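Everything on this sheet refers to the single structure shown next.
Shown next as structure tokens:
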């Protein structure tokens, strides 16, 4: 009887712990609040330095401050992050791909704890500090962009995935020499998408989208990029630039060929 009672208590504790809600802790920093669990109690300081650097780089790129404070949520596992995205995106059946580790909108940045990357992530290594920093900066640019955009979570953005993602890629430094060379190679082999709508797709999506934003920046200037931040439709963007899509692509191709 005593053994049965002990086993009953043991299994009750297991079931209870499985359904106990995650206990989140909060820590205020300059311009944002970090939310984390016990798992990241000892590692959060290293993550926070990356957040601070990403926030600084985004502000330096635009020479503007964030318009409001935001939240950074470090999820203890992929299930936690997926549950958050399912709620935020109103997609109850959504399951993230293994390469998905973070997302940023005007009010927050969700991040899968780097402590879980070895077990739950492909294509990213936390030990590669340079790429990890650029990844976080990329999401910090999304947060900045969202605070200027008419659709803070980008849900109403139409035909501008290449712009939203290309801006974050370019501003974070991810549009590097290797990616630019891959785009140039695709161009010489006539293997480019025919429209901007398809630029944020395929293995060259970062280089394609990022290099278009790089061209716009160098042709029209940083002030023009800021002017484009609130827009949600491709036609609006082309109208501000006073150019057709065909002409923009033609000019961009010449720019790509000229890159060293």
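In this note's numbering, the protein residues as written are 965 to 1224. Ideal Cβ positions, reconstructed from N, Cα and C, are used throughout, including at glycine. Here the structure is a predicted model, which means the values were calculated and not measured.
- prompt: Hey, residue 1028 and residue 1190: beta-carbon distance below 8 Å or not?
  reply: yes
field: Status (buried if at least 16 other CB within 10 Å, exposed otherwise) for residue 1225
entry: No information on residue 1225 is available, as it lies outside the stretch 965 to 1224 that the chain covers here.
message: Could you compute how far the alpha carbon of residue 1143 sits from the alpha carbon of residue 1168?
response: 7 Å
task: With a floor of 4 residues, list each alpha helix (DSSP H) that falls wholly inside the region 1126–1214, ordered by position along the chain.
output: 1141–1152, 1169–1184, 1186–1192 and 1198–1205
field: the region 1177–1184 / the region 1098–1114 touching (three or more Cβ pairs under 8 Å)
entry: no
- prompt: In this structure, does DSSP put residue 1042 in helix, strand or coil?
  reply: helix
- prompt: At which residue ranges does the region 994–1057 contain complete beta strand (DSSP E) runs of 3 or more residues, listed in the order of the chain?
  reply: 996–1000 and 1034–1039
- request: Would you kindly work out how many angstroms separate the C-alpha atoms of residue 1215 and residue 1044, rounded to a whole number?
  value: 44 Å
Rounded Cβ spacing between residue 1036 and residue 1072 (contact assumed at less than 8 Å): 7 Å
field: residue 1099: first and last residue of the uninterrupted alpha helix (DSSP H) it sits in
entry: 1093–1112
query: How big is the Cα-Cα spacing for residue 993 and residue 1165?
result: 36 Å
message: Three or more C-beta pairs under 8 Å: does that hold for the region 1077–1088 against the region 1143–1159?
response: no
query: Excluding the five sequence neighbours on either side, which residues of its own chain have a C-beta within less than 8 Å of the C-beta of residue 1031, listed in chain order?
result: 1111 and 1112
query: First and last residue of the alpha helix (DSSP H) that includes residue 1082?
result: 1081–1084
- request: In angstroms with no decimal places, state the Cα-to-Cα distance between residue 998 and residue 991.
  value: 5 Å
task: Can you tell me which of 1061, 1041, 1115 and 1099 puts its alpha carbon nearest to the alpha carbon of residue 1134?
output: 1099
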